[in-house]
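So for the sequence shown, the working numbering puts the first residue at 6; every next one is plus one.
Below is one structure, written out as structure tokens, with a few remarks after it.
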Amino acid sequence: NIVESTVNEKLNGAQKGIEDMTLEELEALEDEEDERVLLEYRQKRLAEIQATLQKSRYGDVRDISADDYVEQVNKAGEGVWVVLHLYKPGIPYCTLVNQHLNQLAPKFKTTKFLRSVSTNCIPNYPDHSLPTIFVYRDGQLKKQFVGPNALRGMKLKVDELEWMLSEVGAVETDLEEDPHRGQGMSFEHSQGRL
6 NIVESTVNEK LNGAQKGIED MTLEELEALE DEEDERVLLE YRQKRLAEIQ
56 ATLQKSRYGD VRDISADDYV EQVNKAGEGV WVVLHLYKPG IPYCTLVNQH
106 LNQLAPKFKT TKFLRSVSTN CIPNYPDHSL PTIFVYRDGQ LKKQFVGPNA
156 LRGMKLKVDE LEWMLSEVGA VETDLEEDPH RGQGMSFEHS QGRL
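Right, dumping it as structure tokens:
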């Protein structure tokens, strides 16, 4: 017991024994211990809150350039998931994926969501490979979704994208199964449709 050990420490170092202390001295000794225990608990909780806030520091989709890539992706931090969308303005499917990521980012604040115009990030990146989503953790590429077929075509729903990212580990979803399966068509059947 923390209280007893502290009392014993104080008593062993003190000239007066516990049986020689007045009621006021005993209460003061107890109050000091209560304050110390509360302070320890408060410091522990503050450290826990800070750790959570440190992890929950994202919550939006940020635009990056090729110059930002290494810093934002490869040096994102230990244990940080990064979802990078390569897109091009004017491609409707890229716009759809951007909208979905804008909905997912505030929901999954521990995941860093980024986007970049494809040719700004990778010169001569082919439009037929758009949209592209790269998923990284600890600076390592874990998964890539390249082109419309990999992302289930124009009928992609935000919960389907959430499921796909959760399958990689980039987000922790409360979905219990792939929402796409409930639509009566398997993923393999839907490939090739836009």
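Heads up, the beta-carbon is just placed ideally off N, CA and C, and yes, glycines get one too.
Neighbour-count burial assignment, residue i, 16 or more Cβ in a 10 Å radius
i: H185; result: buried
i: V102; result: buried
i: V75; result: exposed
i: L28; result: exposed
i: I138; result: buried
i: R50; result: exposed
i: E167; result: buried
i: L199; result: Caution is warranted here: a pLDDT of 37 is assigned to L199, below 50, making its placement in the model unreliable, and no coordinate value can be reported.
i: L161; result: buried
i: E165; result: buried
i: G189; result: Here the model assigns G189 a pLDDT of 47, short of 50, so the residue's position is not dependable, and the following value carries that caveat. Counting Cβ neighbours within 10 Å, G189 comes out exposed, since fewer than 16 surround it.
i: L180; result: exposed
C-alpha gap between residue i and residue j, whole angstroms
i: P94; j: V122; result: 8 Å
i: T116; j: A110; result: 7 Å
i: G106; j: E45; result: Checking the sequence shown, residue 106 turns out to be Leu, not Gly. Their Cα atoms are separated by approximately 41 Å.
i: C126; j: K80; result: 16 Å
i: T178; j: P128; result: 34 Å
i: R142; j: Y92; result: 21 Å
i: E30; j: A52; result: 33 Å
i: Q48; j: E38; result: 15 Å
i: D72; j: Q104; result: 24 Å
i: M26; j: E35; result: 12 Å
i: Q149; j: I54; result: 33 Å
Short Cβ contact (8 Å threshold) for residue i with residue j
i: P131; j: C99; result: no
i: Q108; j: V163; result: yes
i: V88; j: A33; result: no
i: G152; j: S134; result: yes
i: I69; j: L146; result: no
i: G144; j: V66; result: no
Selection from the options that minimises the alpha carbon distance to residue i
i: L156; options: V78, H133, D39 and M169; result: M169
i: G82; options: E181, Y63, D72 and N154; result: Y63
i: K114; options: E165, K148, V85 and T124; result: V85
i: M159; options: I96, E37, E40 and M26; result: I96
i: T124; options: H90, Q149, K112 and N154; result: H90
Any chain C beta carbon closer than 8 Å to residue i
i: K49; result: Within the model displayed, chain C is absent; a lone protein chain is all it includes.
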